[in-house]
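Data block below; observations after.
In UniProt numbering, the protein residues as written are 1 to 732.
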């Protein structure tokens, strides 16, 4: 942390020329002495017990290597300590060095010291890093994915997906070691890109772009690995708990994971004490003890450790976006090939830039994207220029809407190249961000119900909905629950003029056929399973609430027809919830969001129906019948909560019942004012179980004889019929 603070200070303060020269020379020497080695030096030490992998080099003839594996096991702790602190370690200190929890590993100093060094070099050499450009292409030494007790080197020009797959059968502590190594490489590449990406040399720009392509691959590998093994960089002591480390402050909001750490936390190299060394085979058992520690959980059922490492990545400078201008975007570029000879950017690297861009713009939700200013149009122009879909002469005459649609059309082709995982979500979010820009001048959909015809925009919305549906139907997907919810929302909104049609398909076909063993349709939504059923139901409820809310403001003449469709969907989604009530979270979701729908119907829809009731009496009565059936199902859910004694349900029941009473009284008032109250028979709400059996309003019936159960079942059926709201139209 001290080196990062020094780098910020030096970068923002004018120093004496002699001090600048001294710092540039001594810091560069200290960094090289501490962290850079030759292959022969590493072979001579032979401290590590496992096979090593030399990889990710850009120049095969280069002797300079960075021994990440050696940093973790303390291979050269004496040399590093002497270079950084200028005093040697005692024998006891050297023997006690380890990977101790929260003690701090010397690897923490690698990135801040390099940043400090490159800042000093730039100041001393008018922005040039020619004197230290050897580090951009140096090789990396990692532990081999094969846990062989052989002190030899495996050489591989680049990493592939098999690197992570090969360690699946290894012990969890060894997988943690692999993850720690990849995390260090991730941050190392980020610092290299920050330093050399803005250099004028075309050769250095090419090498920086190659590092960006490799970085995207490594982060993808680390994401896959972190889904199988608990991995927390701050807990392992291989990262400093800091936020932004860019020379120029970014707009990104500090991650809550970072902010939860004490900012005054300090790393002490000389006090790195522990019981065992990672170089010792027994440390694997020591590391395995971490598994029993309680871990925080995040919403959606995913372990916080899956993505917590992302909070501790070194921030990228905004200069990384220059690659959009200077590279060629090729959708099918293979990211595992050797060093690229041209300025080509891989698909994964493009996704990484999009993720960084969204963070830089401080965008948490697409709906909250600020209006893009004129000065920020350069991002869209850069996409069109790099894709050669526009020339530099005519591009400045394009309006913001034209720029957005053209950029969307070009980038959309990438979506068909991605697998059903988080990377595809980032691409879709970026496309949605661009599409939002093109909508700036259009009327507000939520206020007016419909929008002025804009064919390019409409086509783009449908395209996003179609690709979202394809991802939802993918047989091999690795989406998180929040990502599935995001895709369902886009899929429903793809028909933004009549979203109830899509909702009806999801309820009456997708959910209705779920669990049918005979169903083998190509249109099956394979992301729908026992764990995600509540997510599907929640997403439909949210969209249903939105449509109820905007119904009175629709400009067209089919409001009453749409009302019936929405009420019918409300009835059927609760019916499907009852059918799938054994699945986790389904009943809770139905009660919570069903209550929300009832409230919106009472406050927004019923006042409108009072104005137009006599004009559309029969159609409105038909819609109210569907609504009443939905309320009866909600009441059954409330009664069932007493049977199962689920606290999550019982906490919601009181407000649900208040909403049910309110809507019933409001409907009764509407019918009475229009002199057709006799059309309906409104009975007293009964407390019933999920199977329709009446239960006590205070204490659930537990012990009963078979005869009593049979009588109660017969009685409940007859009472259920009397509770139903019947209408003359329905009987006919």
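A virtual CB, placed ideally from N, CA and C, is assigned to each residue, including glycine.
DSSP on residue i, reduced to helix/strand/coil?
i	result
residue 345	strand
residue 528	coil
residue 230	coil
residue 476	coil
residue 648	helix
residue 38	strand
residue 8	helix
residue 748	Residue numbering for the chain in the displayed model covers 1 to 732; residue 748 lies beyond these limits and cannot be assessed.
residue 67	strand
residue 154	strand
residue 139	strand
residue 420	strand
residue 316	coil
residue 497	coil
residue 798	Missing from the structure shown is residue 798; the chain here goes from 1 to 732 and no further.
residue 657	helix
residue 676	coil
residue 225	helix
residue 199	coil
residue 131	helix
residue 26	helix
residue 690	coil
Could you name the residues of the same chain whose beta carbon sits closer than 8 Å to that of residue i, not counting the 5 residues immediately before and after it, in chain order?
i	result
residue 538	485, 589 and 593
residue 607	552
residue 407	380, 383, 384 and 434
residue 750	Absent from the structure is residue 750, since the part of the chain shown begins at 1 and ends at 732.
Does the distance from the CB of residue i to the CB of residue j come in under 8 Å?
i	j	result
residue 143	residue 53	yes
residue 405	residue 456	yes
residue 129	residue 195	yes
residue 638	residue 666	no
residue 464	residue 431	yes
residue 36	residue 181	no
residue 66	residue 138	yes
residue 222	residue 163	no
residue 141	residue 69	yes
residue 206	residue 316	no
residue 415	residue 424	yes
residue 524	residue 559	no
residue 509	residue 576	no
residue 479	residue 420	yes
residue 544	residue 626	no
residue 348	residue 220	yes
residue 504	residue 550	no
Here's a check: name, in chain order, each residue in its chain whose Cβ is nearer than 6 Å to the Cβ of residue i, leaving out the five neighbours to either side.
i	result
residue 112	3 and 4
residue 591	637, 652 and 656
residue 23	120
residue 16	none
residue 110	35
What residue from the options has the CA that sits closest to residue i's CA?
i	options	result
residue 660	628, 671, 642 and 379	628
residue 64	133, 18 and 642	133
residue 605	569, 582 and 663	663
residue 403	416, 436, 415 and 429	436
residue 126	21, 107 and 642	21
residue 409	426, 399, 461 and 391	461
residue 188	532, 238 and 528	238
residue 310	348, 319, 514 and 355	355
residue 475	527, 534 and 412	527
residue 532	580, 570, 572 and 562	580
residue 58	203, 165 and 186	203
residue 135	549, 191, 106 and 229	191
residue 613	413, 234, 29 and 675	675
residue 38	18, 51, 62 and 25	62
residue 583	186, 563, 346 and 530	530
Residues in the same chain with beta-carbon distance under 7 Å from residue i, minus the five sequence neighbours each way, listed in chain order, please.
i	result
residue 31	113, 114 and 117
residue 27	116, 117 and 120
residue 156	53 and 55
residue 353	320, 321, 323 and 324
residue 547	499, 500 and 566
request  = Pair every Cβ in the region 9-26 with every Cβ in the region 74-88, then say whether three or more of these pairs are closer than 8 Å.
outcome  = no
At least 3 beta-carbon pairs within less than 8 Å: the region 606-622 vs the region 636-656 = no
request  = Report yes or no: do the region 480-499 and the region 539-557 share at least 3 C-beta pairs separated by less than 8 Å?
outcome  = yes
task = Determine contact between the region 169-177 and the region 206-213, defined as no fewer than three beta-carbon pairs at a distance below 8 Å.
result = no
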